[in-house]
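What follows is a single structure, written as structure tokens, with notes after it.
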Ligand SMILES: Cc1cc2nc3c(=O)[nH]c(=O)nc-3n(C[C@H](O)[C@H](O)[C@H](O)COP(=O)(O)OP(=O)(O)OC[C@H]3O[C@@H](n4cnc5c(N)ncnc54)[C@H](O)[C@@H]3O)c2cc1C
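Residue numbers (this note's numbering): 7 to 353.
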């Protein structure tokens, strides 16, 4: 007997499934494609919002929870799945920021290490090879990253070892609601029964809830990224210059992201954007001009107002819950939001 059906097997669905199972519920995860192959695969895996001082208290609260619990969570995933999700505390350097005062105040409030680095020589010591145009930075040594495709594989492995049931290539077409109460879902033309249903459908969450009154404001926001094939150690930390960032992976690859495009559910990439990302990457770190772009892709973020996810019981339908709309920060916010929705569902 299934206690709770989860719609959507991205990171948010998988983390929610893990938390609900820990609380003693029998969970069934339904995914229309393959687990974790949408936004959760496409992202950069930075374990911090970009410019975190620009976000609301709610986002900072979830990010702070993620920051505290990710080291242990990464170890648990590794132990449960045998796959190393490559949690690396590499630090993040925010270049030429004009928000030093705001950043320092935010760091004090959330007990994050953050210092101001003044002068080209000093930031070159932190990251040799930076473009000469940068002469100050905000250094956050405790910012970490996870490697998304490995994180997803590890999360999937953890579902297997925790005996959490999931089914792929099962698309939920409709919620089964009787007299204002959820009774399950209709998927692949079949009825699946449960008294509780959690919508964790990422960018598609509003589509699933469209026939009802409470529809969260969640829109797909495309992000394109490229990866360079580099040597280990070339780049030491995450570099952020306004809206473009570089992420060094353990094997020397360097990711550059990302665009913000409002183009519906279209996931296509364009040569123009590829050249733009290449240009931004070499403006930050000129040595990247010598490297090959190995891959170029796009993902659909679950965009929401101010990036605040909806983590709540549905106001109209008993037994229906939502954990969606994590926008640019689903990896760092996901741990906290999975714990929160599990508390709401089992309270
Ligand atoms: C380019 C890019 C860079 C990013 N960088 C970062 C970063 O550095 N740090 C960070 O924290 N976050 C980052 N993000 C954001 C993060 O990836 C997302 O917030 C997060 O992955 C959202 O997870 P999700 O599970 O809600 O969505 P998804 O991973 O998209 O999963 C939703 C799942 O639901 C399934 N689904 C939808 N409808 C149905 C249905 N009807 N029936 C069954 N299944 C359904 C979909 O197939 C999908 O697999 C980035 C995102 C992008 C695109």
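All residues carry an ideal CB built from backbone N, CA and C; glycine is no exception.
Reduced DSSP category for residue i - H, G, I as helix; E, B as strand; rest coil
| i | result |
| --- | --- |
| residue 292 | helix |
| residue 250 | strand |
| residue 332 | coil |
| residue 152 | coil |
| residue 44 | coil |
| residue 301 | strand |
| residue 20 | helix |
| residue 36 | strand |
| residue 59 | helix |
| residue 202 | strand |
| residue 314 | coil |
| residue 29 | coil |
| residue 138 | coil |
| residue 84 | helix |
| residue 14 | coil |
Residue i Cβ short of 8 Å to ligand 1 heavy atom set
| i | result |
| --- | --- |
| residue 77 | no |
| residue 64 | no |
| residue 299 | no |
| residue 14 | yes |
| residue 209 | yes |
| residue 198 | no |
| residue 307 | yes |
| residue 39 | yes |
| residue 177 | yes |
| residue 70 | no |
| residue 73 | no |
| residue 332 | yes |
| residue 231 | yes |
| residue 338 | yes |
| residue 47 | yes |
| residue 280 | no |
| residue 193 | yes |
| residue 276 | no |
| residue 23 | no |
| residue 89 | no |
| residue 18 | yes |
Where residue i falls, given that 16 or more other Cβ within 10 Å makes a residue buried
| i | result |
| --- | --- |
| residue 158 | buried |
| residue 332 | buried |
| residue 291 | buried |
| residue 114 | exposed |
| residue 346 | buried |
| residue 231 | buried |
| residue 7 | exposed |
| residue 119 | exposed |
| residue 122 | exposed |
| residue 237 | exposed |
| residue 62 | exposed |
| residue 44 | buried |
| residue 125 | exposed |
| residue 80 | buried |
Contact belief for residue i with residue j at Cβ below 8 Å, rounded distance in angstroms
| i | j | result |
| --- | --- | --- |
| residue 305 | residue 225 | Contact flag wrong, Cβ pair sits at about 14 Å. |
| residue 213 | residue 193 | 14 Å between Cβ atoms; not a contact. |
| residue 98 | residue 243 | 6 Å |
| residue 83 | residue 203 | Residue 83 to residue 203, Cβ: 26 Å. No contact. |
| residue 228 | residue 286 | Rounded, the Cβ-Cβ distance is 17 Å, inconsistent with contact. |
| residue 330 | residue 24 | Incorrect: roughly 17 Å between the Cβ atoms, too far for contact. |
| residue 162 | residue 41 | 5 Å |
| residue 206 | residue 16 | 7 Å |
| residue 148 | residue 74 | Not a contact, Cβ separation roughly 11 Å. |
| residue 210 | residue 48 | Contact flag wrong, Cβ pair sits at about 14 Å. |
Any non-hydrogen atom of ligand 2 within 8 Å of residue i CB
| i | result |
| --- | --- |
| residue 107 | The model on display carries ligand 1 but not ligand 2. |
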